[in-house]
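K.L.:
Before I ask anything, here is the structure I am working with.
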């Protein structure tokens with residue numbers, strides 16, 4: 018089921034929380050929602066899940082509109098709200114059964130779905146405890162389980178891995194990835210490596226507007242523009258090496274990091290790569306190439322660039 | 481309808497899982513039993529095999545207990561955020577409210593059922609006007625239904641249980657006392673409207689054994705109106721303004 022958002026705007030009184038954002042998510046795609054606190058991620062998710070109404074704009078999920086067909090849409094969405102609210106006085110199994118019943122899971126499928134969720138979310142040892150007795154990580158798993166219990170076509174997860182231990186994070190990421198093959202997934206997070214690990218596409222949102230949209234690679238390319246390499250060469254003298262490197266056609270700039278052991282940063286000209294040329298040069302001059310690493314702009318830097326000003 | 485029932489079942493169960501239901505039942509039974517059988521104008525003082533004294537006590541006890549039951553219904557969900565969880569399932573605002581209403585009504589129903597031994601005891605003492613007793617119970621149930629919906633409305637307005645409790649008492653006091661008191665100061669249309677709005681007239685005629693469709697319509701319309709107000713308050717977030 019595809020989600021298409023068109024010109025979505027939301028005011029809280031006079032404050033604009035979401036400002037005219039548009040995007041689409043296709044089936045089989047995992048979209049990562051990134052942004053600083055208060056950027057409008059959660060608001061957008063609340064609108065998509067029919068919890069609050071938009072002030073303007075259109076959201077179409079499948080062939081249904083969030084304004085008119087809330088019942089159908091709510092059934093096809095699995096939602097994990099921010100802060101993972103739960104009926105803490107209920108035992109895990111009972112709670113999951115309650116949610117399943119509300120979401121229209123038939124009595125014949127009930128056992129199978131419950132078993133599946135308990136297994137997938139690793140809740141077997143805790144399934145008869147009351148939710149209030151569980152640790153934060155286990156509560157998070159219950160939150161995920163209740164979102165997925167009716168096998169929805171769309172999953173909307175607000176910070177799905179918060180409070181989980183590293184092993185569990187890896188498991189949940191794997192789970193989301195495997196679910197994402199046939200479902201539509203939108204997740205929000207503050208953890209940048211997580212977006213890279215799980216998402217096909219990244220949407221960075223700041224002050225209610227979309228500031229970047231694309232895969233991690235395309236975002237990097239946009240932010241970086243030119244190739245940057247860290248190179249370490251032995252067997253030649255400093256000036257000699259630098260001069261030779263500067264004479265390569267594709268090299269724009271050579272900047273020594275450490276002149277004594279000849280560690281350099283080399284910037285190539287736009288849309289050109291100098292990797293092979295550097296290697297060939299070293300071979301020709303009989304220098305030893307000790308290190309040749311492409312310097313990647315980290316996602317953190319892109320994020321900071323886009324959201325700080 | 482099915483969804484409403486699923487919600488009502490869970491709510492009723494949560495009353496009994498927490499101590500709320502038991503405390504409420506014990507205090508309700510204790511108070512009404514005390515005043516029916518032991519103290520004040522009790523059955524023996526009146527000297528008639530009638531439950532009038534019980535109905536007079538329950539009139540007040542329910543006034544205080546109903547808000548205590550309803551105060552957490554929506555307010556607690558708002559405070560913990562579970563309201564977002566439930567309303568993003570395939571549940572509408574109206575279904576949630578009616579589900580909660582039914583659960584509270586069932587709890588009051590259980591409380592009233594548990595006073596049936598009063599009635600059985602009475603039948604052994606003397607001739608009982610069975611019709612009046614049935615009417616009296618009907619009156620209590622209808623009155624509770626009105627209080628419950630007022631309570632749920634107050635619970636929708638705030639996320640603080642105490643505020644919700646006090647607000648529903650405040651609204652309740654208008655129907656219980658203030659409209660009655662005001663009506664004696666007005667004449668003509670205003671006076672009769674105020675008098676019609678007061679609960680006590682309607683309740684008293686029911687508890688004496690007179691079924692008048694006007695009384696039933698009165699309680700049912702308060703219930704429906706307050707529940708609709710509650711829904712319209714809750715659903716505001718999901719209506720695009722302007």
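Chains as they are written, first to last, in the working numbering: chain A, 18 to 326; chain B, 481 to 722. C-beta: ideal position from N, C-alpha, C; glycine also.
From the DSSP output, which residues share a beta bridge with residue 231 (chain A)?
P.N.:
Residue 231 (chain A) is bridged to A:219.
K.L.:
My assumption, with CB atoms under 8 Å, is that residue 223 (chain A) sits in contact with residue 323 (chain A). Please give the rounded CB distance.
P.N.:
Yes, residue 223 (chain A) and residue 323 (chain A) are in contact; Cβ-Cβ is about 6 Å, under 8 Å.
K.L.:
Out of A:37, A:276, A:39, which has the shortest C-alpha to C-alpha gap to residue 255 (chain A)?
P.N.:
Selected option, being the one with the closest Cα: A:276.
K.L.:
Determine, for residue 115 (chain A), whether the minimum Cβ-Cβ distance to residues of chain B falls below 8 Å.
P.N.:
Yes - at least one Cβ of chain B is within 8 Å of the one on residue 115 (chain A).
K.L.:
Just verifying my parser: in three-state terms, what is the DSSP assignment at residue 735 (chain B)?
P.N.:
What is shown of chain B runs 481 to 722, which leaves residue 735 (chain B) out entirely.
K.L.:
I think residue 217 (chain A) touches residue 47 (chain A), with their Cβ atoms under 8 Å apart; what is that distance to the nearest whole Å?
P.N.:
5 Å between Cβ atoms; contact.
K.L.:
Relative to the alpha-carbon of residue 538 (chain B), which residue among B:507, B:555, B:553, B:554 has its alpha-carbon at the smallest distance?
P.N.:
Residue B:507 is the option with its Cα nearest to residue 538 (chain B).
K.L.:
Which class does residue 276 (chain A) belong to by DSSP, given the choice of helix, strand or coil?
P.N.:
Reduced to three states, the DSSP call for residue 276 (chain A) is coil.
K.L.:
Using beta-carbon positions only, say whether residue 615 (chain B) and residue 686 (chain B) come within less than 8 Å of one another.
P.N.:
Closer than 8 Å, so yes.
K.L.:
Cβ of residue 552 (chain B) less than 8 Å from any chain A Cβ?
P.N.:
No, residue 552 (chain B) lies away from the interface with chain A (no Cβ there is under 8 Å from its Cβ).
K.L.:
Using a beta-carbon distance below 8 Å, is residue 239 (chain A) in contact with chain B?
P.N.:
False, the Cβ-Cβ gap to chain B never drops below 8 Å.
K.L.:
Does any residue of chain B bring its CB to less than 8 Å from the CB of residue 156 (chain A)?
P.N.:
No - not a single Cβ of chain B is within 8 Å of the one on residue 156 (chain A).
K.L.:
Quick check: the stretch 632–643 of chain B against the stretch 540–560 of chain B, are at least 3 beta-carbon pairs closer than 8 Å?
P.N.:
The stretch 540–560 of chain B vs the stretch 632–643 of chain B: in contact.
K.L.:
Against residue 564 (chain B), what residues of chain A qualify as contacts under a CB-to-CB distance less than 8 Å, listed in chain order?
P.N.:
The contacting residues are 63, 68, 98, 102.
K.L.:
Residue range of the alpha helix (DSSP H) that residue 149 (chain A) falls in?
P.N.:
Unbroken run through residue 149 (chain A): none, as it is neither H nor E.
K.L.:
In the DSSP output, which residue or residues are listed as bridge partners for residue 311 (chain A)?
P.N.:
Looking at the DSSP assignment, residue 311 (chain A) forms a beta bridge with A:246.
K.L.:
Based on Cα-Cα distance, which residue from A:85, A:219, A:151 lies nearest to residue 41 (chain A)?
P.N.:
Of the candidates A:85, A:219, A:151, the one whose C-alpha sits nearest the C-alpha of residue 41 (chain A) is A:219.
K.L.:
Does residue 640 (chain B) get closer than 8 Å to chain A when you measure Cβ to Cβ?
P.N.:
So no, residue 640 (chain B) is outside the interface.
K.L.:
So that I know if they touch, is there some Cβ in chain A lying closer than 8 Å to that of residue 717 (chain B)?
P.N.:
Output row for residue 717 (chain B): interface = yes.
K.L.:
Quick check on DSSP: helix, strand or coil for residue 482 (chain B)?
P.N.:
In this structure, residue 482 (chain B) counts as helix in the three-state DSSP scheme.
K.L.:
Pick out the complete alpha helix (DSSP H) segments inside the stretch 556–619 of chain B, 4 residues or longer, and give them in chain order.
P.N.:
Here the runs fully enclosed are 562–567, 573–593, 596–605.
K.L.:
Give me the chain B residues within the contact set of residue 120 (chain A), using Cβ-Cβ distance strictly less than 8 Å, ordered along the chain.
P.N.:
Within chain B, the residues near residue 120 (chain A) are 569, 570.
K.L.:
The beta strand (DSSP E) with residue 700 (chain B) in it runs from where to where?
P.N.:
No beta strand (DSSP E) holds residue 700 (chain B); the alpha helix (DSSP H) holding it covers 693–715.
K.L.:
Three or more beta-carbon pairs under 8 Å between the stretch 481–500 of chain B and the stretch 577–586 of chain B, yes or no?
P.N.:
Touching, yes, given that three or more Cβ pairs across the two stretches are closer than 8 Å.
K.L.:
On the CB-based measure, 16 or more other CB atoms within 10 Å of its CB, does residue 310 (chain A) come out buried or exposed?
P.N.:
Exposed, since its Cβ has fewer than 16 Cβ neighbours within 10 Å.
K.L.:
Here's the rule: buried if 16 or more other CB atoms are within 10 angstroms of the residue's CB, otherwise exposed. What is residue 607 (chain B)?
P.N.:
Result: exposed.
K.L.:
Which partner residues of residue 251 (chain A) appear in the DSSP bridge assignment?
P.N.:
Beta-bridge pairing links residue 251 (chain A) to A:305.
K.L.:
Given a threshold of 16 other Cβ atoms within 10 Å of its Cβ, counted over all protein chains shown, does residue 661 (chain B) qualify as buried or as exposed?
P.N.:
By the 10 Å Cβ count, residue 661 (chain B) comes out exposed.
K.L.:
Less than 8 Å between the beta carbons of residue 632 (chain B) and residue 577 (chain B), yes or no?
P.N.:
Yes, the pair counts as a contact, with Cβ atoms nearer than the cut-off.
K.L.:
Give the secondary structure of residue 29 (chain A) by DSSP, where H, G and I count as helix, E and B as strand, and everything else as coil.
P.N.:
Three-state DSSP puts residue 29 (chain A) in a strand.
K.L.:
Should residue 722 (chain B) be labelled buried (16 or more other beta-carbon atoms within 10 Å of its own) or exposed?
P.N.:
Because residue 722 (chain B) carries a pLDDT of 44, less than 50, the predicted location of this residue cannot be relied on, and no value is offered for it.
K.L.:
I want to verify the contact list: residues of chain B whose CB lies under 7 Å from the CB of residue 106 (chain A), in sequence order.
P.N.:
The answer, in chain order, is 494, 497, 498.
K.L.:
Out of A:18, A:107, A:19, A:54, which one is the CA nearest neighbour of residue 34 (chain A)?
P.N.:
The shortest Cα separation from residue 34 (chain A) among A:18, A:107, A:19, A:54 belongs to A:54.
K.L.:
With burial defined as no fewer than 16 other Cβ atoms inside 10 Å of the residue's Cβ, what is the status of residue 667 (chain B): buried or exposed?
P.N.:
Exposed.
K.L.:
Determine which residues share a DSSP beta bridge with residue 448 (chain B) and list them.
P.N.:
A query on residue 448 (chain B) cannot be resolved here, the shown segment of chain B reaching from 481 to 722 and no further.
K.L.:
For the stretch 165–178 of chain A against the stretch 114–130 of chain A, are there 3 or more C-beta pairs whose distance is under 8 Å?
P.N.:
Result yes; three or more Cβ-Cβ pairs closer than 8 Å.
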